[in-house]
Amino acid sequence: VSMEGVLSAAMVGTPTLIGAGFGFAVQCLSNAMRKYPLHRHPWEHVIAIGLGASFVSNMVTWTDGQRVLLEENMAKAKELQKKADALGIRTPKMQNM
């Protein structure tokens, strides 16, 4: 097993476990605030765990997609800036490129 495969498995599993724990904690907190037994309806815990895991996994996927789009847009902006410089067009310089 390569180290790359181990890291990618950990990168996928960690957000899912964090989301599942978050979902479980929210359900327990909800029951505690209403002064119900913490495990009053166990199926609600399962649903909350699934929703929390799904939410965090989708959030990580969305964030990665946004990072790719940002990099593509920055590359396009650099290209346009080079063309403008070559034509002698004065434009505001982009920061942190």
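Take any residue in the sequence shown, note its place counting from 1, add 385, and you have its number in our numbering. Built from N, CA and C at the ideal position, the CB exists for glycine as well.
Provide the residue span of the alpha helix (DSSP H) that contains residue i, from first to last.
{"i": "His430", "result": "427 to 472"}
Could you give the DSSP three-state label for residue i: helix, strand or coil?
{"i": "Leu423", "result": "coil"}
{"i": "Thr476", "result": "coil"}
Is the Cβ-Cβ distance between residue i and residue j less than 8 Å?
{"i": "Gln493", "j": "His430", "result": "Residue coverage of the chain in this structure runs from 386 to 482, which leaves residue 493 outside it and unanswerable."}
{"i": "Val438", "j": "Thr401", "result": "In the sequence under discussion, the amino acid at residue 438 is Ala, which differs from the Val named in the question. Their beta carbons are under 8 Å apart, which means Ala438 touches Thr401 by this criterion."}
{"i": "Ile434", "j": "Gly398", "result": "no"}
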